[in-house]
Amino acid sequence: MKEGRCLRWILKAISHYLTFFLLVAFVITCCTMLFVSTLSEDLGIALTSENLAAAAKLTFWNVVLISLIFTVIDGLRRKWTVERPVQHISEAAEKIAQGDFSVRVTPIAKFATDDTFNEIIECINKIAEELASVETLRTDFVANVSHEMKTPLAVIQNYGTLLQTPDLPEQTRLEYAQAVTDASRRLADMMTNILKLNRLENQQIYPKSDTYDLGEQLCECFLQYESVWERRGIEIDTDIEENVLVSADAELLSLVWNNLFSNAFKFTEQGGKVSVSLSVEGAYAVVRVKDTGCGMSPEVGAHIFEKFYQGDTSHATQGNGLGLALVKRVVDIMQGEIAVESTVGVGTTFTVRIRRNEHAME
Ligand code: ADP
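Everything in the sequence shown is counted per my numbering, starting at 9 for the first residue and increasing by one.
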């Protein structure tokens with residue numbers, strides 16, 4: 009099959025070039041004959057018309073044969089070094105266009121082609137890789153959202169059905185209604201977080217730059233958890249430096265503190281301790297949120313900033329694994345840094361570094 013195609017290709021190439029060879033051979037033969045007859049006249053050599061006709065024929069067919077050999081050789085070279093890589097590249101591009109992102113083009117040996125083709129091949133492979141990872145993220149995201157929605161929806165459905173039972177005692181009715189409210193709040197919170205994350209990732213939120221006292225904001229956010237630490241007997245400790253000004257989007261940064269505080273209280277058992285501190289380190293305002301909670305292993309710590317990741321499933325109903333993904337995105341937008349140190353059974357410390365207001369530093 010392959011040999012037949014090759015032969016057809018050679019025949020096609022020969023027929024393409026034949027007219028050209030014949031014309032070139034004719035012109036060269038005429039020139040050579042003119043040259044030979046002029047030379048023979050000048051040298052006084054008498055050439056017969058038979059001699060000239062034989063020389064003309066020999067020149068003509070020699071030119072045809074040699075040109076043909078060189079053209080076939082050049083054609084094969086072109087086929088190997090140009091047409092073959094172009095064919096591989098266009099086949100891969102077509103597969104990518106049809107949604108097959110697993111396709112990869114093998115680079116061509118250096119001696120066999122121009123470097124430019126390998127550069128194009130590298131680009132095509134990178135495009136396919138990028139598209140494949142975007143596709144995985146998209147399908148994972150859809151799967152995660154669907155999974156996260158299923159539990160609260162099932163709760164709403166079950167308790168909704170139970171609420172229709174006639175003659176329910178008032179206390180039970182209130183419990184069922186509370187379960188429906190909690191599940192729908194979870195759903196609403198998840199949707200809000202997904203929308204926020206989506207807008208942050210698509211750069212639809214342009215951070216505002218207000219200059220404000222970071223310590224005051226931290227205290228305000230922390231105080232929102234007063235009822236939690238009082239109810240659960242959690243000791244608190246605050247060490248907030250005064251007059252630390254930052255130029256940042258206050259609303260976005262409050263998202264960071266709220267998520268870190270809510271996690272610290274969520275993962276700390278009764279009688280534990282949660283501390284928050286604010287200090288100045290050079291050009292940065294450094295916030296540390298520390299708890300004596302369950303802590304996390306290095307394997308869990310490596311994934312906590314991923315969307316929908318939940319290392320501790322015992323608290324799964326109190327979150328949806330989007331909190332720290334949001335925190336990371338906001339800190340990145342603010343060009344800050346976030347780090348975590350944690351030991352299982354001992355506790356966790358999150359450290360956030362945000363640039364201070366430049367005028368306040370002078
Ligand atoms: P969720 O809202 O479900 O807790 P997050 O994105 O806020 O999601 O957190 C992701 C995971 O990070 C949690 O499931 C938990 O395993 C881990 N984590 C976050 N904060 C802490 C903490 N203070 N102590 C221990 N583990 C934590």
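We put the beta carbon where it would ideally sit given N, CA and C, even for glycine. The model shown is predicted, which means the values in this text are computed figures rather than measured ones.
Paired residues, beta bridge with residue i - DSSP
i, result
"Lys-298", "Ser-283, Thr-357"
"Asp-245", "Ser-283"
"Tyr-378", "Past the boundaries of the shown model lies residue 378; the chain is included only from 9 to 370, so the question cannot be answered."
"Glu-349", "Thr-357"
"Asp-221", "Leu-253"
C-alpha gap between residue i and residue j, whole angstroms
i, j, result
"Glu-127", "Gln-95", "15 Å"
"Tyr-184", "Lys-158", "18 Å"
"Arg-337", "Leu-208", "7 Å"
"Ser-283", "Asp-247", "8 Å"
"Ala-100", "Glu-307", "37 Å"
"Ile-116", "Pro-93", "7 Å"
"Gln-106", "Phe-125", "22 Å"
"Asp-245", "Arg-146", "42 Å"
"Phe-313", "Val-339", "11 Å"
"Val-371", "Thr-27", "Residue coverage of the chain in this structure runs from 9 to 370, which leaves residue 371 outside it and unanswerable."
"Ser-235", "Gln-165", "31 Å"
"Ser-6", "Leu-66", "Residue 6 lies beyond the residue range present for the chain, which begins at 9 and ends at 370; the question has no answer from this structure."
"Val-360", "Thr-144", "30 Å"
"Ile-53", "Phe-43", "13 Å"
"Leu-31", "Ile-74", "14 Å"
"Phe-269", "Ser-322", "18 Å"
"Thr-180", "Ala-291", "57 Å"
"His-311", "Ala-151", "18 Å"
"Ile-104", "Cys-131", "13 Å"
"Trp-265", "Pro-177", "42 Å"
"Ser-45", "Cys-14", "44 Å"
Cutoff 8 Å; reference residue i; Cβ partners in own chain excluding five residues on either side
i, result
"Val-352", "Cys-302, Gly-303, Met-304, Ser-305"
"Asn-201", "Asn-328, Leu-330, Gly-331, Leu-334"
"Pro-7", "This structure leaves residue 7 out entirely; the chain is present only between 9 and 370."
"Gly-168", "Val-188"
Beta-carbon spacing of residue i, residue j below 7 Å
i, j, result
"Thr-357", "Lys-281", "no"
"Ala-191", "Pro-160", "yes"
"Arg-364", "Val-254", "yes"
"Ser-350", "Gly-309", "yes"
"Leu-286", "Leu-205", "no"
"Met-41", "Ala-64", "yes"
"Ala-33", "Val-80", "no"
"Phe-273", "Tyr-233", "yes"
"Ile-129", "Val-113", "yes"
"Arg-240", "Gln-186", "no"
"Ala-293", "Ile-362", "yes"
"Leu-231", "Val-252", "no"
"Phe-68", "Thr-37", "yes"
"Met-199", "Glu-156", "no"
Contacts around residue i, its chain only, beta-carbon distance under 6 Å, and the 5 residues preceding and following it disregarded
i, result
"Ala-140", "Phe-109"
"Ser-48", "Leu-55"
"Tyr-220", "Ala-258"
"Trp-237", "Ile-244"
"Arg-194", "Pro-160"
Any non-hydrogen atom of the ligand FAD closer than 6 Å to residue i Cβ
i, result
"Ile-312", "Inclusion of the ligand FAD in the displayed structure is not the case, the ligand content consisting of the ligand ADP alone."
Cut-off 7 Å between Cβ atoms - residues of its own chain near residue i, not counting five sequence neighbours on either side
i, result
"Thr-276", "Ile-242, Val-282, Asp-299, Thr-300, Gly-301"
"Ser-262", "Gln-225, Cys-229"
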